[in-house]
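Structure, as structure tokens:
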Amino acid sequence: NIFRISADLSHLASIVILLETIRKTRQVDGISLKTQLLYVLVFCTRYLDLLTFRWTSLYNTLMKFFFIGTSIYVIKLMQECKIKNPVAYKDMMARDTFQIKYLLGPSAILAMVFNYKFTILELCWSFSVWLESVAILPQLFMLSRSGKAGTLTTHYIFALGLYRALYIPNWIWRYYTENRFEKLSIFTGLLQTALYSDFFYIYYKKVIKGGGFELP
Amino acid sequence: SQNEVEHDEL
Numbered sequence: 147n148i149f150r151i152s153a154d155l156s157h158l159a160s161i162v163i164l165l166e167t168i169r170k171t172r173q174v175d176g177i178s179l180k181t182q183l184l185y186v187l188v189f190c191t192r193y194l195d196l197l198t199f200r201w202t203s204l205y206n207t208l209m210k211f212f213f214i215g216t217s218i219y220v221i222k223l224m225q226e227c228k229i230k231n232p233v234a235y236k237d238m239m240a241r242d243t244f245q246i247k248y249l250l251g252p253s254a255i256l257a258m259v260f261n262y263k264f265t266i267l268e269l270c271w272s273f274s275v276w277l278e279s280v281a282i283l284p285q286l287f288m289l290s291r292s293g294k295a296g297t298l299t300t301h302y303i304f305a306l307g308l309y310r311a312l313y314i315p316n317w318i319w320r321y322y323t324e325n326r327f328e329k330l331s332i333f334t335g336l337l338q339t340a341l342y343s344d345f346f347y348i349y350y351k352k353v354i355k356g357g358g359f360e361l362p
Numbered sequence: 476s477q478n479e480v481e482h483d484e485l
């Protein structure tokens, strides 16, 4: 459906914007390495079903490889910046101080409690949706502490937030057309979108209505 | 059923 396609396209756009940000500035200014590492973990645990070869569609399979590949590529680009621009890299690391154990631990526990089946594949899948819902926190934390962000960084976060927000009308659509109600995705998706809500509001006020981007 | 949810979303 239209919402699902738009969501996936905005997810793709967010990654293109992120890669463009790193390429253009040749440094990692404003990007949280911790959030990016969490996304590698999210995609690697979610798409373990690639190994079972029970593929749903060519589209799904290609997108899964794309998300795993680009998330690892981002880490590689950021590590290159460590050599090319060590001062900026150190500056980023000094500001990227969110303790991710507070995201990893609860996500693992929630995955053990809420899952569709107590199998490795399903537990990893559930862990990935819980972790994804909070993976942006180190990035938002970094932004709120520095107070300012580059335009591309804000577009990246916006596109990434929009992706999960668009999944919500997709789930409503699927509930009415397929009677499908996938409670874990829906709950974590709502949580994820809620975490972006402040950001969306500031983005709307500052970026769309003009003016610089500044977080309180 | 809920026990056999197909993860066809990304």
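So the protein sequences, as listed, match chains A and B. Residue numbers for the first sequence follow my numbering, so the first one is 147 and each next one is one higher. Residue numbers for the second sequence follow my numbering, so the first one is 476 and each next one is one higher. The C-beta atom is built at its ideal place from N, Cα and C for all residues, glycine as well. Predicted, not measured: the structure shown is a model, and the values here were computed from it.
CB of A/A159 within 8 Å of CB of A/L312, strictly
No, these two residues do not count as a Cβ contact at 8 Å.
What did DSSP end up calling A/K355 once you bin it into helix, strand or coil?
Reduced to three states, the DSSP call for A/K355 is coil.
Taking the straight line between their C-alpha atoms, what separation do you get for A/W271 and A/S253?
Cα-Cα distance, rounded: 11 Å.
Buried or exposed for A/S217, going by 16 or more other Cβ atoms inside 10 Å?
By the neighbour-count definition (other C-beta atoms within 10 Å, threshold 16), A/S217 is a buried residue.
7 Å Cβ cut-off: residues of chain B touching A/S331:
The contacting residues are E484.
Just curious, the alpha helix (DSSP H) that A/Y193 is in, first and last residue?
If you look at A/Y193, you'll find it isn't in any alpha helix (DSSP H); DSSP assigns it neither H nor E.
Using DSSP with H/G/I as helix, E/B as strand and the rest coil, what is A/T378?
No information on residue 378 of chain A is available, as it lies outside the stretch 147 to 362 that chain A covers here.
With a threshold of 8 Å between beta-carbons, can A/K210 be considered close to chain D, or not?
Note that chain D does not occur in the displayed structure, where the protein chains are A and B.
Rank A/I229, A/L165, A/Q245, A/I163 by C-alpha distance to the C-alpha of A/P284 and give the top, closest one.
Residue A/Q245 holds the alpha-carbon nearest to the alpha-carbon of A/P284 among A/I229, A/L165, A/Q245, A/I163.
If we ignore side chains and look at the alpha-carbon of each, how far apart do A/I354 and A/Q182 end up?
Roughly 26 Å separates the two Cα atoms.
Residues of its chain near A/I168, where Cβ-Cβ distance is below 8 Å and the 5 sequence neighbours each way are ignored
Hits under 8 Å: V174, I177, V220, L223, M224, C227.
Give me the Cα-Cα distance between A/K263 and A/V186, rounded to the nearest whole angstrom.
Their Cα atoms are separated by approximately 23 Å.
Is DSSP giving A/N316 helix, strand or coil here?
Collapsing the DSSP output to three states places A/N316 in a helix.
In whole angstroms, give me the CA-to-CA distance for A/I161 and A/I348.
Rounded to the nearest angstrom, the two C-alpha atoms are 21 Å apart.
Under 8 Å, Cβ to Cβ, is there at least one residue of chain B near A/N206?
Taking 8 Å as the threshold, the shortest C-beta distance from A/N206 to chain B falls below it.
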